[in-house]
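**Student:** FYI, the numbering for the sequence shown is 8 to 305, going by my numbering. We treat Cβ as the ideally placed atom computed from N, Cα and C, and that holds for glycine. As the structure is a computational prediction, the values presented were derived from the model and not from experiment.
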Amino acid sequence: MAEADILTLFGVKGRVALVTGGSSGIGLMIATGLVCNGAKVYITALASDEIQEAVDSLNALGAKSGGTAEGFSSDVSTKEGIDSIAKYIQQRETHLDILISNAGIRRDPPRACNVLTASLDDLQSSLWSSDPLDWDATFKVNTTAHYFLSVALLKHLVAAADLDLPGELKGRDVGRGVIVITSSCASMHNCTNVDLTSYAASKAATDHLVAMLASKFARWYVRVNSINPGFVPSNMNPIGEEGNMFTSLFEKMPAKRAGKVEDIAGTVLYLCSQAGAYVDGRCLCVDGGRVLLANGQE
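Structure follows, in structure tokens:
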């Protein structure tokens with residue numbers, strides 16, 4: 008059966024995608040998976056990030072598949088910045104098949120402590136040291152930006168979902184017109200890290216936002232899902248010989264390792280292709296089993 012062929016099921020060749028925070032970490036992993044499978048990918052990140060280096064690397068990877076990458080700088084922390092992202096895409100494309108709303112931040116409290124061993128005074132002092140402005144910034148990027156970016160590009164996503172395809176199919180029938188938001192498995196467990204409090208709260212809000220946006224866009228079947236990664240190498244999560252902050256936790260996880268490009272890219276390819284065309288309003292944990300064992304004691 009041709010419809011069960013893997014290239015038909017998971018193919019994204021020729022599709023147009025936008026990846027925010029696409030120059031490094033999880034965003035670059037996702038962009039890599041899309042470009043390597045023939046998609047036309049726009050990546051955007053802060054002007055201070057190494058955007059051109061990422062674009063050059065992606066275009067080299069896409070040489071065989073026909074995938075391409077183009078990059079531009081932006082700031083998702085303001086509505087004006089998000090509007091400029093939308094205009095950049097609208098001026099160049101008639102539709103947007105895939106929106107990967109990935110950019111995120113984490114702000115640590117000035118005074119750290121071990122929640123499991125700290126005295127009451129030390130715990131209260133550490134938690135109180137959090138800056139309200141850091142909470143505001145975290146929610147602006149990790150939650151609010153996903154909302155405004157999805158809304159700003161909605162018509163282009165609907166245009167992709169409405170595309171007329173052979174066999175009397177529409178774009179939505181093969182997975183076109185989809186939003187994938189990067190959340191975190193931190194939204195699903197009671198982590199004790201004091202530096203993850205505002206971050207985890209913002210990601211929990213994002214998980215609910217996924218369902219709310221999916222329901223609001225349901226008439227056009229513009230799908231909205233999230234991936235909730237665990238320990239994945241990024242600027243936020245340094246994993247390696249230098250500064251591996253999670254080594255002691257790997258042995259407590261079923262997978263015994265950090266996430267890799269294949270783990271992240273494979274999940275996103277599923278959600279953005281015909282294989283995932285019947286999946287909407289869901290949060291998919293990609294965490295090597297981390298949440299299964301996280302119990303608020305580490």
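In three-state terms, what does DSSP make of Pro240?
**Tutor:** Here residue 240 refers to the residue found at position 233 when the sequence shown is read from its first residue. In the structure shown, Pro240 sits in coil (DSSP, three-state: anything other than H, G, I, E or B).
**Student:** CA-CA distance, Ala5 and Ser191?
**Tutor:** In the structure as shown, the chain starts at 8 and stops at 305, and residue 5 therefore has no counterpart that could be examined.
**Student:** Let me check understanding here. Comparing Cα to Cα, which of Phe79, Ala93, Leu106 lies closest to Ala46?
**Tutor:** Translated into the one-based positions of the sequence shown, residue 46 becomes position 39. Looking at the Cα atoms, Leu106 is the closest of the given residues.
**Student:** Between which two residues does the beta strand (DSSP E) holding Lys20 run?
**Tutor:** Start at 1 with the first residue of the sequence shown, and residue 20 comes out as number 13. Segment: none, Lys20 is in no beta strand (DSSP E) and carries neither H nor E.
**Student:** So, is Tyr228 buried or exposed, given that buried needs 16 or more other C-beta atoms within 10 angstroms?
**Tutor:** Position 221 of the sequence shown, counted from the start, is the residue given in the question as residue 228. Under this definition Tyr228 is a buried residue.
**Student:** How far does the alpha helix (DSSP H) with Gly34 in it extend, from its first residue to its last?
**Tutor:** As a working note, residue 34 is residue 27 in the sequence shown. Element bounds for Gly34: 32-42.
**Student:** If I measure Cβ to Cβ from Val23 and keep anything under 6 Å in the same chain, skipping five residues before and after, which residues do I get?
**Tutor:** For the purposes of this step, residue 23 is taken as residue 16 along the sequence shown, with counting starting at 1. For Val23, where only same-chain residues beyond five positions count, the Cβ hits under 6 Å are Lys47, Glu100, Leu103, Asp104.
**Student:** What ranges does the alpha helix (DSSP H) occupy inside the region 255-301, keeping only unbroken runs of at least 4 residues that lie completely in it?
**Tutor:** Complete alpha helix (DSSP H) runs here, min 4: 268-279, 297-300.
**Student:** Do you know how far the Cα of Gly174 is from the Cα of Ser209?
**Tutor:** Residue mapping note: residue 209 aligns to position 202 of the sequence shown, counting from 1. Residue mapping note: residue 174 aligns to position 167 of the sequence shown, counting from 1. Cα to Cα, Ser209 sits roughly 42 Å from Gly174.
**Student:** Assuming the contact rule is C-beta atoms closer than 8 Å, Thr145 and Ile92 should be a hit. Round their C-beta distance to whole Å, please.
**Tutor:** Taking the sequence shown and counting its residues from 1, the one referred to as residue 145 is at position 138. Taking the sequence shown and counting its residues from 1, the one referred to as residue 92 is at position 85. Their Cβ separation, rounded to whole angstroms, is 20 Å, which puts Thr145 and Ile92 out of contact at 8 Å.
**Student:** For Phe238, verify whether its CB is less than 6 Å away from any heavy atom of the ligand NAP.
**Tutor:** Because no ligand of any kind appears in the structure shown, any question about the ligand NAP cannot be addressed here.
**Student:** Under 8 Å Cβ to Cβ from Glu87, same chain only, skipping five residues before and after it: list those, please.
**Tutor:** Start at 1 with the first residue of the sequence shown, and residue 87 comes out as number 80. Excluding residues within five positions, none has a Cβ falling inside 8 Å.
**Student:** Could you tell me the distance, in whole angstroms, from the CA atom of Thr39 to the CA atom of Lys71?
**Tutor:** The count along the sequence shown starts at 1 and reaches residue 39 at position 32. The count along the sequence shown starts at 1 and reaches residue 71 at position 64. About 13 Å.
**Student:** Starting from Lys4, trace the beta strand (DSSP E) in both directions and tell me its first and last residue.
**Tutor:** Because residue 4 is not part of the residues shown, which for the chain are 8 to 305, the question remains open.
**Student:** Look at the Cβ atom of Arg118, then the Cβ atom of Ser132, and state whether they are nearer than 7 Å.
**Tutor:** As a working mapping, residue 118 is identified with position 111 in the sequence shown. As a working mapping, residue 132 is identified with position 125 in the sequence shown. Result yes, Cβ atoms of Arg118 and Ser132 sit closer than 7 Å.
**Student:** Considering only C-alpha positions, which residue in the set Ala284, Val239, Tyr285, Lys259 is nearest to Val293?
**Tutor:** Along the sequence shown, one-based indexing puts residue 293 at 286. Among Ala284, Val239, Tyr285, Lys259, the Cα nearest to that of Val293 is on Val239.
**Student:** List the residues that DSSP assigns as beta-bridge partners of Lys177.
**Tutor:** As a first step, residue 177 is located in the sequence shown; it is residue number 170 there, counting from the start. Per DSSP, Asp171.
**Student:** With a threshold of 8 Å, are at least 3 pairs of Cβ atoms found where one atom belongs to the region 273-292 and the other to the region 180-197?
**Tutor:** The region 273-292, when compared against the region 180-197, does touch it at the 8 Å Cβ threshold.
**Student:** Where does Arg226 sit, in a helix, a strand or coil, going by DSSP?
**Tutor:** The residue given as residue 226 occupies position 219 in the sequence shown. Note: Arg226 maps to helix in three-state DSSP.
**Student:** In angstroms, rounded to a whole number, what distance separates the CA positions of Leu16 and Val231?
**Tutor:** Sequence index remark: in the sequence shown, residue 16 carries index 9 (1-based). Sequence index remark: in the sequence shown, residue 231 carries index 224 (1-based). Computed Cα separation, rounded: 19 Å.
**Student:** Would you mind sorting Gly295 into buried or exposed? The rule is 16 or more other CB atoms within 10 Å of its CB.
**Tutor:** Here the question's residue 295 lines up with position 288 in the sequence shown. The residue in question, Gly295, is buried, as its Cβ has 16 or more Cβ neighbours within 10 Å.
**Student:** Do Ile234 and Phe155 have their C-beta atoms closer together than 7 Å?
**Tutor:** As a position in the sequence shown, residue 234 is number 227, starting the count at 1. As a position in the sequence shown, residue 155 is number 148, starting the count at 1. For Ile234 and Phe155, no; Cβs fall outside 7 Å.
**Student:** By alpha-carbon positions, which one of Val19, Ser64, Leu123 ends up nearest to Gly29?
**Tutor:** Along the sequence shown, read from residue 1 onward, the residue named residue 29 stands at position 22. Of Val19, Ser64, Leu123, the residue nearest in Cα terms is Ser64.
**Student:** Would you identify the three-state DSSP class for Ile186, choosing helix, strand or coil?
**Tutor:** As a working note, residue 186 is residue 179 in the sequence shown. Ile186 falls in the strand class under three-state DSSP.
**Student:** Asn121 to Leu130, Cα distance in whole Å?
**Tutor:** Locating residue 121 in the sequence shown gives position 114, where the first residue counts as 1. Locating residue 130 in the sequence shown gives position 123, where the first residue counts as 1. So the alpha carbons of these two residues sit roughly 8 Å apart.
**Student:** By the 10 Å Cβ neighbour count, where 16 or more other Cβ atoms means buried, how is Pro236 classified, buried or exposed?
**Tutor:** If you number the sequence shown from 1, residue 236 lands on position 229. Label assigned to Pro236: buried.
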